[in-house]
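Inspection log for the structure reproduced underneath, given as structure tokens.
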Amino acid sequence: MSWVVDYLWMIPAVPLAASLVILSLSNARRKNAAALAVIGQVVALALSVLAFAATLQVPGLRAVRNFTWFTFGEQTLRLGFVLDPLAAAMLAMITLVGLCIFVFSIGYMAEDKNFTRFFAYLSFFSGAMLGLVIANSLLLLFVFWELVGLASYLLIGFWIEKPSAAAAAKKAFITTRIGDMGFFLGVLWLYGRSGTLLFYDGGNGCLENGGLAMLGASATFIALLIFCGAAGKSGQFPLHVWLPDAMEGPTPVSALIHAATMVAAGVFLVARVYPLFSSGAINGVTSSLTVVVWIGVTTALMAALIAIAQEDIKRILAYSTVSQLGLMMVSLGVGGVAAGIMHLLAHGFFKALLFLGAGSVIHGCHGEQDIRKMGGLRGIMPVTFVTYAIGMMALSGVPLFFSGGWTKEEILHATAHWPRSHAPYYLMLAGVVLTALYMTRQIIYVFFGNRRAAAERAHESPRVMSMPLIVLALCAIFFSVVLTPAWPWLHAYLTGEPVRFEIARLLQPMLFISLAVVGAGIGVGIWIYRKAGVPDRDRPAGIDPLEYAQPGLFRFLAKKMWIDEFYDRSIIAFSWICARFSDWMDRYFWDGLVRGFGAIGQVFGTVTTSVDERGINAGVDETTAGTRGLGRLMSAAHSGQIQTYLGAIAIGMLALLLLYAWLA
Amino acid sequence: MNGLAFILIAIVTLAAALAAATLRSLMHAALSFAVALVGIAAFFFLLGAEFVGLALVFIYIGAVAVLIVFTILLTRRDVGKTRGFNWGGAIVAAAVFGGLIWSILKTQSLAIVAPHMPRLTVKQIGAALMTGYVWPLQCVGLLLTAALIGALILVLEEKQ
Amino acid sequence: MSKSIDQVFVNAKQWLLLWLAGSPTWVVQVVSSMINIGVLLVVFLTLFAFMSVLERKILGRMQNRYGPNRVGPFGLFQPIADGVKMLIKEDIVPARADKIVHFLAPILIAAVAILTLGVIPYGRNMTPFTIDGGVLFFFAVGSTTELAVFMAGWGSNNKFSMLGAMRAIAQMISYELPLLITVLPVVMVVGSLMPDRIVAAQADYTFGLVPRWFVFTPWGAAAFILFFVSGLVESNRTPFDVPEGESEIVAGHMTEYSGFKYATFFMAEYIGMFAISGLGITLFLGGWHAPARALEFVPSYLWFFAKLSVLLFVYIWLRGTLPRTRVDQMMNFAWKFMLPMAFTCIVAAAVWHYAGRGLRGWLWSLVVIAVVYTALSMLLDTRRKFAPRVYRFAE
Amino acid sequence: MTPTLQVFLIVSAALFSIGLLAALSRRHAIFILIGIEMMLAAANLNFIAFWRFNPPPKQPIGVMIALFAIAIAAAEAAVGLALVIAVYRHYRTTNVDQLDQLKG
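Protein chains in written order, with numbering that gives the first Met the number 0: chain A, 0 to 663; chain H, 0 to 159; chain V, 0 to 394; chain S, 0 to 103.
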């Protein structure tokens with residue numbers, strides 16, 4: 000079945016080609032654009048399913064197709080594609096979620112004037128991501144990585160006319176660049192050490208013993224550098240600032256970024272180059288992995304906390320994404336790669352669901368995004384409500400029925416057995432609580448209680464938007480079938496182990512723990528926010544209960560812990576000062592030098608001119624006069640009349656002729 | 000017979016050519032130009048190059064002459080006031096003619112009669128065009144296309 | 000027996016030329032060409048006369064009225080009466096006209112029309128002038144018509160004449176391309192420009208009954224239709240008689256002509272028609288060959304003239320049936336449909352040739368033509384042809 | 000008498016000079032074009048004549064050159080006349096004496 004890998008390149012090629020074609024379409028051909036994009040995605044989905052099927056045949060299959068890109072000297076730079084369970088699962092998830100999002104955006108962007116451009120970018124985005132997934136060379140992966148970045152930039156800033164959108168796009172681009180810088184350094188270093196960028200190359204790829212042996216100790220640093228890139232893309236702690244701002248883009252874009260493509264890339268990258276991280280591990284712990292763990296923990300907690308105090312429906316989801324990514328990072332860090340990826344996949348489904356649901360809400364509320372202005376929407380938009388509730392349950396990890404729950408359990412399970420320390424485990428538990436809390440808050444605000452300003456004119460979204468929601472909701476539920484510990488099919492599939500069914504494993508302590516935790520979170524949420532949005536005792540309607548109780552803390556959280564401000568004060572201010580300084584240097588110091596030279600030149604100039612005036616000119620004038628006269632004479636010949644020239648030519652020809660005749 | 004035909008054709012051709020060069024009415028000049036071309040085609044026939052002759056008639060009478068008369072028509076308002084005649088040009092032309100004649104008569108190696116030659120069939124020409132001269136043929140085709148487009152663009156009226 | 004009947008005219012000419020035995024060859028050549036020209040003139044002028052009266056009679060039948068039926072039996076002497084009338088009519092030349100041009104135009108146009116007759120094989124060994132590039136000659140000379148028409152238009156210094164001439168030239172030039180290009184496939188397949196060779200190439204019969212005429216191949220059929228339409232245009236016949244549309248411009252370039260000159264134009268038009276039809280017969284309809292081997296005993300020239308008269312009847316029929324097209328419609332048709340189809344015919348002929356000229360080639364070329372035809376007819380949706388009328392051709 | 004090569008050359012020389020005359024001495028641009036065309040035709044006549052009067056080469060070079068020359072002359076005529084029309088549209092004249100913008 001490994002022949003499939005030879006045709007793997009088609010999966011990214013189809014959407015990319017589609018996007019190129021769409022770009023060439025005029026703005027009037029909206030229908031064709033959408034149709035093309037969706038068709039491209041469907042084809043990609045079909046191909047991905049084929050690839051997936053191929054991997055099902057052989058457990059733990061890893062088919063590789065390498066080719067030489069170019070050769071310099073005796074060095075050959077080789078690229079390649081790989082098909083393994085990781086890639087296949089990602090492919091399937093991305094294409095499926097992507098398809099839903101595409102269909103959804105047909106409805107969501109219906110009134111937008113740059114409809115075609117939007118779909119071109121969408122196809123481009125998903126194509127780039129697919130390429131990233133199947134890349135078997137760190138370089139190729141990096142290329143697609145940057146393409147993904149570009150696509151995200153284009154899409155976040157899709158509404159260019161909005162300055163905030165443009166700013167957000169820039170922020171996203173630059174922030175991720177900072178990460179990619181480290182990534183690229185890592186790539187270079189890796190190439191310098193191991194001489195190959197291929198992951199799997201029959202034993203001497205850089206992720207196989209052959210390559211890893213060459214790396215030795217530097218593996219840690221390379222891994223960390225690469226992790227910079229991952230952190231940038233999937234919004235880990237120092238570089239997470241761009242992700243919430245990315246909400247400026249159209250909601251389907253946010254869905255795509257958060258669920259399927261952009262942020263998944265970071266986690267996927269770590270999972271892909273996991274051998275680098277874990278090389279030289281003492282019972283599954285390396286320094287690089289520890290860093291990953293702690294960064295993940297920080298991110299998860301911080302984001303969850305911030306999410307509690309946000310008012311924008313999409314920002315809340317954004318921060319939840321950040322925290323979920325942190326969760327995945329932790330899981331990867333503690334060695335639960337499969338768990339992390341499983342959560343990534345599950346998260347892909349339900350986060351897309353949530354975002355599209357939020358999009359549907361926003362669409363229904365005519366562009367209102369402030370949850371305080373909504374409320375009581377469950378009657379108005381039932382489909383959205385039900386699906387959104389499912390998504391919320393999945394996200395907050397309600398066990399047994401929702402995919403999110405199982406994957407979270409897996410992760411907690413993995414975290415609990417981390418030898419280094421137990422702190423991450425407990426912190427993750429707290430994170431789960433917080434997640435449940437803020438999701439409860441949001442859903443109460445949006446769907447329950449009294450109808451507030453924006454909810455008055457609200458309406459349910461058209462079918463083209465609700466269908467994807469339903470599909471994704473079903474995915475979010477039935478995806479859990481392959482996740483249960485009773486039948487951990489996906490886990491087995493990813494790790495390549497055989498799978499067997501044991502109902503007993505269902506009843507493990509972790510189940511009850513998470514039940515308790517999630518229950519606590521939801522309960523607390525309901526208790527706090529039962530009267531949210533309505534005046535309660537002496538609390539006015541506009542004020543959040545938590546804000547009422549703890550204004551300082553709430554403010555701290557609402558201002559995102561002043562991280563942006565901190566960056567403004569510190570990094571940006573510093574660069575600003577540098578700029579000013581160099582500007583000053585330019586203005587005064589260098590300029591002064593130049594002026595000085597100029598002055599010297601002038602002095603010389605005056606001297607020489609005087610010499611000229613007195614001495615040389617006298618002679619020159621006559622010459623010029625002569626030349627001018629000659630010029631007049633010449634120009635007289637240029638009568639500008641064709642026939643004169645023609646006559647001249649004729650005479651010349653005659654002269655030549657006579658000459659020849661005379662010589663002959 | 001040949002000589003007779005030659006003399007007739009030469010007289011017709013040269014007379015027509017002279018008329019084309021000197022007639023006052025532009026239209027008459029153009030028409031006599033066409034006649035002169037027919038004469039030249041007749042010369043080609045006389046020299047056993049029927050195909051070239053036919054091509055000449057076809058291209059010049061069918062296309063170029065029509066083009067010329069069309070142009071005359073389109074620039075008609077101007078035809079009236081082009082009465083000038085530049086005698087300097089006439090002198091130069093006469094000088095050139097003299098020089099040519101002199102040099103032609105001077106070189107005795109030209110006073111030869113035609114050797115016997117098998118008739119040149121169209122098939123041969125076609126074969127030559129398609130084998131030895133295929134690249135020139137392509138180039139000419141390209142040139143004609145370019146000329147056509149260029150001419151179109153030149154005479155295109157600005158529609159605004 | 001049938002042989003001798005077939006060759007009777009040839010033998011007669013030989014017999015006449017026997018009188019010149021011993022005189023230099025060029026005299027013989029000149030005399031024989033004179034004979035040819037004379038015969039041509041007699042035959043085709045008679046044909047023209049009959050054609051004119053027959054056309055009127057047939058049109059009459061088509062319009063539920065008697066045609067001319069007074070002069071002579073069934074009005075057959077009508078042309079003579081017309082001729083006399085034309086001759087004794089006053090010959091008016093406009094005062095401001097360009098006299099010479101005005102005078103030369105009809106002569107030139109008639110001369111051209113008659114010259115084109117010279118290269119068509121009318122029967123076995125009955126080609127008046129056997130030129131190596133006969134077809135090319137036909138077109139080369141034919142292209143001079145445009146100049147003549149222009150002369151007529153310009154010479155008579157009249158806006159209707161000028162407009163008519165412009166229209167005529169515009170449509171002639173536009174339709175000369177399809178005309179030429181539809182000839183190319185035949186030339187390609189036969190590999191010669193000589194009409195006799197082209198006719199000879201269509202001599203044989205498949206299974207002894209279906210003649211190998213090019214019109215029976217898909218490309219040939221398509222090319223013949225295109226050729227015929229272009230021929231209609233070239234000879235300014237309805238539905239393409241825009242240049243002399245009475246309703247718009249009195250009589251086009253013939254407006255200022257009267258009397259015998261007008262008759263000359265008239266004659267030239269008809270003779271041009273004969274010539275085009277003759278060429279069409281030569282190229283596509285197997286020239287003077289019999290439609291079946293069994294009928295070969297009938298003299299060849301009779302076959303030729305039978306085919307000719309059929310084509311002429313079609314001309315008349317069309318004139319009686321179709322309304323006059325609009326100038327812009329005609330131009331669009333020429334450039335957007337005829338030309339591509341003509342090129343397609345070339346391709347189809349090549350396909351036919353390289354697929355072995357058999358049934359396979361037949362089918363393949365059919366496919367090619369069908370595909371392009373459908374594509375074209377989809378591309379230029381005729382609904383837009385009813386747009387408000389625009390004149391760009393006589394400005 | 001049968002015409003020798005010289006006679007043909009003389010005729011073509013005469014044609015050439017007449018073309019030159021037309022091109023040099025007439026004011027109307029179209030005359031210049033006609034003259035040039037005539038000169039080209041004369042040149043073609045020379046080609047054919049030389050081809051005919053010399054022992055036959057393997058490829059009919061003279062004929063070929065004449066053919067190509069005719070084609071190119073046609074192109075030249077097309078462009079030239081287009082130019083004339085364009086110039087006329089712009090300056091409302093075709094008198095080459097008045098078209099001396101390039102005067103030095």
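Glycine included, C-beta positions come from ideal geometry on N, C-alpha and C.
Residue pairing from DSSP places A62(A) in a beta bridge opposite L82(A). No Cβ-Cβ contact shorter than 7 Å links A519(A) with V431(A). Listed in chain order, the non-local C-beta contacts of M61(V) below 7 Å within the same chain comprise G319, local neighbours out to five positions each way being set aside. Taking A216(A) as reference, the option from P461(A), A150(A), T285(A) and L184(A) with the minimal CA-CA separation is T285(A). In the displayed model, Q137(H) falls within a helix according to three-state DSSP. Remark: fewer than three beta-carbon pairs, one from each stretch, lie closer than 8 Å, so the region 109 to 118 of chain V and the region 66 to 73 of chain V are not flagged as touching. Annotation: R456(A) to A357(A) spans about 16 Å, alpha carbon to alpha carbon.
Take L468(A), set aside five residues on each side of it, and the residues of its chain with a beta-carbon closer than 7 Å to its own are L352, L355, G356, S359, V382, T383 and T386, in chain order. Taking a cut-off of 8 Å for Cβ pairs, the region 44 to 61 of chain S and the region 77 to 95 of chain S do not touch, as fewer than three such pairs fall below it. Annotation for D179(A): the continuous alpha helix (DSSP H) segment containing it runs P162 to S193. When beta bridges are read from the DSSP output, F69(A) appears opposite L76(A). Residue state for H27(S) is assigned as strand, using DSSP reduced to three classes. Shown in chain order are the members of the region 21 to 43 of chain H whose Cβ falls below 8 Å from a Cβ of chain V: S24, M26, H27, L30 and A33.
Annotated three-state conformation of L375(V) is helix, per DSSP.
Any Cβ of chain S closer than 7 Å to the Cβ of I10(H) would place that residue at the interface, and such an atom is absent. Boundaries for Q6(V): no alpha helix (DSSP H) harbours it, and the DSSP string shows neither H nor E there. Nearest in C-alpha terms to E408(A), of all of V516(A), V463(A), A36(A) and S319(A), is V516(A). The beta carbon of Q640(A) sits closer than 7 Å to some beta carbon of chain S. In this structure, the alpha-carbon of L146(V) lies about 12 Å from that of F32(H). The DSSP-derived three-state label of Y120(A) is helix. The beta carbon of A54(H) sits closer than 7 Å to some beta carbon of chain S. Between the alpha carbons of T494(A) and A86(A) lies a gap of roughly 12 Å.
In this structure, DSSP gives A104(V) a helical state, which the three-state scheme calls helix. Distance from A475(A) to F349(A) at the Cβ level is roughly 4 Å; contact confirmed, criterion being Cβ atoms closer than 8 Å. Interface with chain A (7 Å Cβ-Cβ cutoff): K122(H) is excluded. Here the region 592 to 603 of chain A does not lie against the region 259 to 278 of chain A, with fewer than 3 beta-carbon pairs under 8 Å apart. Between L344(A) and the set F588(A), H490(A) and V610(A), the nearest pair of CA atoms involves H490(A).
Cβ-Cβ distances below 7 Å link F342(V) to I180 in the same chain, with the five nearest sequence neighbours on each side left out; the list follows chain order.
DSSP places L489(A) in the uninterrupted alpha helix (DSSP H) bounded by W488 to T494. Contact between the region 208 to 220 of chain V and the region 289 to 309 of chain V is present, with at least three C-beta pairs closer than 8 Å. One alpha carbon belongs to T120(H), the other to I67(H), and they sit about 32 Å apart. Straight across, the Cα-Cα distance linking G325(A) with K30(A) is about 40 Å. When C-beta atoms of the region 92 to 100 of chain A are compared with those of the region 119 to 129 of chain A, three or more pairs fall below 8 Å, so the two segments count as touching. Nearest Cα to S513(A) within the set D5(A), P398(A) and D543(A): P398(A). By alpha-carbon distance to F49(S), the top candidate from Q5(S), Q100(S) and D99(S) is Q5(S).
Among the CB atoms of chain A, none fall inside 7 Å of the CB of V10(S).
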